[in-house]
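When we follow the UniProt record's numbering, the leftmost residue of the sequence shown carries the number 1, and every step to the right adds one. For glycine and all other residues, C-beta sits at the position ideal for the given N, C-alpha and C.
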Amino acid sequence: MLEGINTNDIIVGAYSDREGGVCPMLAAHRCGGRTSFVSFAKAWDAFAGVKRARRASERELRILRTYLEASLMEEQSAPVSDLGSAIQAHQEIRRERHSREAFVVPALGDAISEHQATARDRRAREAAEDDGNWGFLRSRREDRDTQRALDRVERERELADREQELTPA
Numbered sequence: 001m002l003e004g005i006n007t008n009d010i011i012v013g014a015y016s017d018r019e020g021g022v023c024p025m026l027a028a029h030r031c032g033g034r035t036s037f038v039s040f041a042k043a044w045d046a047f048a049g050v051k052r053a054r055r056a057s058e059r060e061l062r063i064l065r066t067y068l069e070a071s072l073m074e075e076q077s078a079p080v081s082d083l084g085s086a087i088q089a090h091q092e093i094r095r096e097r098h099s100r101e102a103f104v105v106p107a108l109g110d111a112i113s114e115h116q117a118t119a120r121d122r123r124a125r126e127a128a129e130d131d132g133n134w135g136f137l138r139s140r141r142e143d144r145d146t147q148r149a150l151d152r153v154e155r156e157r158e159l160a161d162r163e164q165e166l167t168p169a
């Protein structure tokens, strides 16, 4: 990005303008950088406090350049991490855990049998508490349907009795 801001006309508030100015990310891209941090573009525009595209001021460019250089200096002074050995250590830990857990697979048949036995015991206990009345297993809809059928039979019987009373013998 440093090379890009040194070789391009840098703008704020847009990706590019009609006079050939570009945002710092496009300038970096044109110089071989591959970045896609939308948050940087938003922060750059917010820093400049603009609504429309305009050339970046010398002050804005100086601040951007200073931050980029400070970031590079911090990277260079940071201890070199060995990413390869960290990946290898992580993979070894995963292999060990996998080999430990491979032998602790629960038997599904045992779990099912245990669940069925528990359910049977619970149903037997409920039946004993209910004096053998297993009516709680019957659905309420069956109860309503049965009651409606009985009410209908009763009404039909009453109608038949009235008709018989009204009919001369």
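query, result
"If you draw a straight line from the alpha carbon of residue 122 to that of residue 89, how long is it in whole angstroms?", "50 angstroms"
"Look at the Cβ atom of residue 12, then the Cβ atom of residue 70, and state whether they are nearer than 7 angstroms.", "no"
"Could you round the C-beta distance between residue 28 and residue 4 to whole angstroms and report it? I think they count as a contact, below 8 angstroms.", "4 angstroms"
"So what does DSSP say about residue 71, is it helix, strand or coil?", "helix"
"Less than 7 angstroms separating the beta-carbons of residue 1 and residue 68?", "yes"
"Over what stretch of residues does the alpha helix (DSSP H) that includes residue 114 continue unbroken?", "108 to 129"
"To the nearest angstrom, how far is it from the Cα of residue 8 to the Cα of residue 21?", "7 angstroms"
"Alpha carbon to alpha carbon, how far is residue 127 from residue 145? Give it in angstroms, no decimals.", "24 angstroms"
"Tell me the residue span of the alpha helix (DSSP H) that contains residue 7.", "2 to 7"
"Of the choices 109, 47 and 51, whose alpha-carbon is the least far from that of residue 64?", "47"
"Starting from residue 30, trace the alpha helix (DSSP H) both ways and give me its first and last residue.", "24 to 30"
"Please state if the CB of residue 17 and the CB of residue 53 are separated by a distance shorter than 7 angstroms.", "yes"
"For residue 61 and residue 10, which I take to be in contact (beta-carbon distance under 8 angstroms), what is that distance rounded to the nearest angstrom?", "6 angstroms"
"Who pairs with residue 54 in a beta bridge, going by DSSP?", "12"
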